[in-house]
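Note sheet for the following structure.
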Amino acid sequence: MTPTLSLRTRIGAVALAAAVLAALAVVYTVRATDRAQPGAAASGVTLANTPGLYARTAEGTVAAVHGDRRKDTGLTCRRFYAAGTSAVCLTTRPGIPPRSEAIVLDRDLRPRRTVTFGGTPNRARVSPSGRMVSWTVFVSGDSYAGNAFSTRSGILDTKTGYLIKNVETLQLTLGGRRYSASDVNYWGITFARDDNRFYATVSTRGKTYLVEGDLNAWTARTLRENVECPSLSPDGTRLAYKKRVRQGSSDPWRLHVLDLKTMQDTPLAETRSVDDQAAWLDGATLAYALPGRGRGTSDIWSVPADGTGTPVRVARDASSPSINAS
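All residue numbers for the sequence shown refer to numbering that gives the first Met the number 0, where the first residue is 0 and numbers rise by one.
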């Protein structure tokens, strides 16, 4: 006959197991939160004293990259971007559902403001002046999305403190007509030098569009279809983006650059599929991440923005590139 435990014994065992799991969860939460906190103050690396390329390493830290040499900033971020007087570090907070933080940093990489929101970090950008900061996260639970993810994009004006947690209320003009639908999503915002005009991706009814937006007027209009993740050139005359060139493929994307005056786009010499929001290293060169040698790793590559030349690897085991010009 198989021995049985008393009801009291079983209850005690369950309670003990629950206590152990709770303790482990607390320890994990504390450690995960600690890992997500930026701590750049003691690193000695700042935007003011260390110009050049910044990137996220395979360990999740942010470093100033000079060839094979790296100077750690002390920051730990899922996405990072720096421009002008500001930088933004996107981090995650443990929990169900997941939460994220956009930590806005000054030129000494000290936190100025933290914005908390739901979702998983995906894209981050800062306007050339450093005034406007944007981010995009993946979220789940929208009824129109079914089992798929949707996105949320937010914008912070660091000068006035005005915060927009979700830009989906923009008055959208699609194909010359006012458009509204429950499944409209925006992501991959990039700003012009006037801190008002911006470009982004909008998706609706299974299609994606490049849009030009006006923050003051709170409007956006579509410019062309089938492109994503724009990045405005330093002189404001060209847009880099990934363009879908192969439907139903595991490698559908090709980097292109659009001339905003002629509205002609040029495929770049990088023929591999780039699923990233490229960053301009200067007026003639783009940087972007591609899968690296190990599983889940990536490398940063560069390519000329005029369609000539060949891709060059800039940094191994790195992603989220941005250039700090000063």
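Just so you know, even glycine gets a beta-carbon here, dropped at the ideal spot from N, CA and C.
Predicted model only: the values in this text are computed from it and were never measured.
Non-local beta-carbon contacts of proline 120 in its own chain, meaning distances under 6 angstroms to residues more than five positions away in sequence, involve Arg77, Arg78, Leu89, Ser99, Val136 in chain order. At the C-beta level, leucine 289 and alanine 304 stay beyond 8 angstroms of one another. Between the segment 207-226 and the segment 155-174 there are three or more C-beta pairs closer than 8 angstroms, enough to call the two in contact. Residue burial is scored here from C-beta neighbours: aspartate 234 has fewer than 16 other C-beta atoms within 10 angstroms and is therefore classed as exposed. When the five nearest sequence neighbours on each side are left out, the beta carbons in the same chain lying within less than 7 angstroms of the beta carbon of serine 42 are those of Asp71, Thr72, Gly73, in order along the chain.
As DSSP reads the structure, leucine 257 sits in a beta bridge with Leu238, Asp264.
Listed as beta-bridge partners of asparagine 323 by DSSP are Gly51.
When Cβ pairs closer than 8 angstroms are counted between the two stretches, the segment 172-179 is seen not to touch the segment 188-196, the count staying below three.
Nearest C-alpha to proline 110 among Ala86, Ser128, Lys242: Ala86. Distance check between valine 138 and each of Arg68, Ser128, Tyr161, Asp182 places Asp182 closest, using alpha-carbon atoms only.
By the Cβ-count criterion, alanine 123 is buried, with 16 or more other Cβ atoms from all chains shown falling within 10 Å of its own Cβ. Selection Gly94, Ala180, Leu108 evaluated against alanine 63 yields Leu108 as nearest (Cα-Cα).
Put simply, the backbone Cα of valine 311 is about 33 angstroms away from that of serine 149. If you ignore the 5 residues before and after serine 318, its C-beta comes within less than 6 angstroms of the C-beta of Arg55, Ala288, Ser297, all in its own chain and listed in chain order. The residue from Arg292, Ala81, Thr307 with its alpha-carbon nearest to that of alanine 57 is Arg292.
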